[in-house]
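Q:
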Amino acid sequence: MNIEVHMSKSTQIIQEEQGDPGIRSATPQNITVVLPAFNEEVSIGSIVLLTKHYADNVIVVDDGSSDRTASIARKAGAHVIVHEVNKGKGAALKTGFKAAAELGADIIVTMDSDGQHNPAEIPLLAAPIIDGYAEMVNGSRYLNHKDKNTPIYRRIGQTVLDTATNMNSGLKITDSQSGFRAFAGSTKDVFRFNARGMAIESEMLADAGRSGLRITEVEIGVRYDVDCSTISPIKHGLGVLLMVLKDIEFNRPLYYLTAPGLALGVGGLYMGANFLQIFFTGGSLYFGPTMLMILFIIVGTFMALTGIMLHSVSAVLRETKTA
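What follows is the structure in structure tokens.
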């Protein structure tokens with residue numbers, strides 16, 4: 490009996506690369522790759538052809554492209570789903586995850602469609618899920634070192650976004666904006682897919698963190714010479730940061746409101762104590778500093794109480810959703 494005939498293509502590749510013909514042959518995995526695409530006719534054909542070597546299915550979600558993205562992807566052998574209008578990356582991933590589940594995917598891999606990611610690294614991302622110690626794998630450019638190819642302004646922005654995302658998700662991720670990830674098929678209902686743009690990467694980490702998924706990272710490479718994004722990196726970074734902060738405001742209001750509110754209130758009380766000492770020793774109080782002290786105390790108290798109230802509301806809503 491030839492067992493390999495019944496194994497998925499992805500399982501065979503992992504065995505060949507890792508030299509392990511025994512364990513995984515008994516549990517073949519269907520790996521389906523989801524490629525959200527918008528006007529990627531230049532790269533989509535080659536990406537699909539390369540990806541088919543490492544996956545059982547390749548799904549291209551054409552998110553309202555005005556070029557030949559859909560037809561080229563279809564000719565290359567991908568399952569193509571077309572959004573008639575551009576709905577954003579979050580909606581494209583939602584469509585892709587749903588289609589992957591219908592195809593019986595055990596593992597869903599997401600990649601960018603512009604050629605930044607190397608399909609040959611798909612087995613690296615799938616391996617922790619196949620081995621059973623992760624439900625989500627994040628491909629990281631910075632896991633063991635800082636990528637020297639990354640422009641300095643991107644590294645600065647990346648650090649800010651990583652910090653905000655980790656604060657929101659409760660995770661310790663080294664590359665929060667990576668679009669190269671693998672997910673166990675069972676996680677498909679964990680994610681909201683609300684964010685339209687690249688903020689979806691941070692949103693998915695927040696959802697994964699709150700759902701208690703087992704997450705690990707593997708090191709990946711990336712090409713920057715194929716980045717054809719028309720969005721300014723600064724505009725993109727600010728947009729992601731604003732989304733993360735809005736998410737923190739509702740889901741982690743103790744960080745967003747209560748902590749800074751307490752800091753303001755304590756600062757106001759400290760100023761007040763100094764003013765009282767000056768007053769009792771015969772000094773004079775000045776209008777400006779006194780009003781600033783009062784403002785700090787009032788605003789700080791309001792922020793702290795609002796944060797506590799929002800924390801209680803969000804806790805009730807989460808319990809309601811899980812009930």
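Counting with the working numbering, you get residues 490 to 812 for the letters of the sequence shown.
Ideal Cβ placement from N, Cα and C applies to all residues, glycine included.
Computed from a predicted model, the values in this text were never measured in an experiment.
Please go through the same chain and pick out, in chain order, the residues whose beta-carbon is closer than 6 Å to the beta-carbon of glycine 817, but skip the five residues on each side of it.
A: Because residue 817 is not part of the residues shown, which for the chain are 490 to 812, the question remains open.
Q: Sort out for me which residues DSSP pairs histidine 572 with in a bridge.
A: DSSP, once it has assigned bridges, lists Asp552 as partnering histidine 572.
Q: My output table needs one value for alanine 515: the three-state DSSP class, helix, strand or coil.
A: Annotation note: pLDDT 40 at alanine 515 (below 50); position unreliable, no value reported.
Q: Per DSSP, which one or two residues make a beta bridge with leucine 524?
A: For leucine 524, which the question treats as bridged, DSSP gives the partners Val549.
Q: Measure the alpha-carbon distance for glycine 646 versus glycine 772 and round it to whole angstroms.
A: Going from the Cα of glycine 646 to the Cα of glycine 772 covers about 48 Å.
Q: Please state the DSSP three-state secondary structure of glycine 579.
A: Of the three classes helix, strand and coil, the one that applies to glycine 579 here is helix, per DSSP.
Q: Is the beta carbon of serine 667 less than 9 Å from the beta carbon of isoleucine 618?
A: Not closer than 9 Å, so no.
Q: At what residue ranges does the stretch 624–686 contain a whole run of the alpha helix (DSSP H), taking only runs of 4 or more?
A: For the stretch 624–686, whole alpha helix (DSSP H) runs of length 4 or above, ordered along the chain, are 641–658.
Q: Using the three-state DSSP reduction, which class does threonine 770 fall into: helix, strand or coil?
A: It is coil, neither helix nor strand.
Q: In angstroms with no decimal places, state the Cα-to-Cα distance between glutamate 591 and valine 598.
A: If I take the Cα positions, the gap works out to 15 Å.
Q: Output the boundary residues of the alpha helix (DSSP H) element that contains threonine 540.
A: Segment 533–540, the alpha helix (DSSP H) holding threonine 540.
Q: If you compare alpha carbons, which of Val626, Val537 and Asn607 is closest to alanine 616?
A: Of the listed residues, the one whose Cα sits closest to alanine 616 is Val626.
Q: Going by beta-carbon coordinates alone, are threonine 795 and glycine 750 separated by less than 9 Å?
A: In contact: threonine 795 and glycine 750 (Cβ atoms closer than 9 Å).
Q: Short of 7 Å in beta carbon distance, which residues of its chain neighbour leucine 702, apart from the five on each side in sequence? Order them along the chain.
A: Here the set comprises Glu624, Met625, Thr676 and Val679.
Q: For arginine 563, which of Val550, Gly757, Val574 and Ser555 has the nearest alpha-carbon?
A: Ranking the options by Cα distance to arginine 563, first place goes to Val550.
Q: With DSSP collapsed to three states, give me the class of isoleucine 797.
A: Reduced to three states, the DSSP call for isoleucine 797 is helix.
Q: Give the DSSP bridge partners of valine 707, in chain order.
A: DSSP output for valine 707 lists Gly628 as bridge partner(s).
Q: Compare the C-alpha of leucine 614 against each of Ser560, Phe669 and Glu692 and name the closest.
A: It is Phe669.
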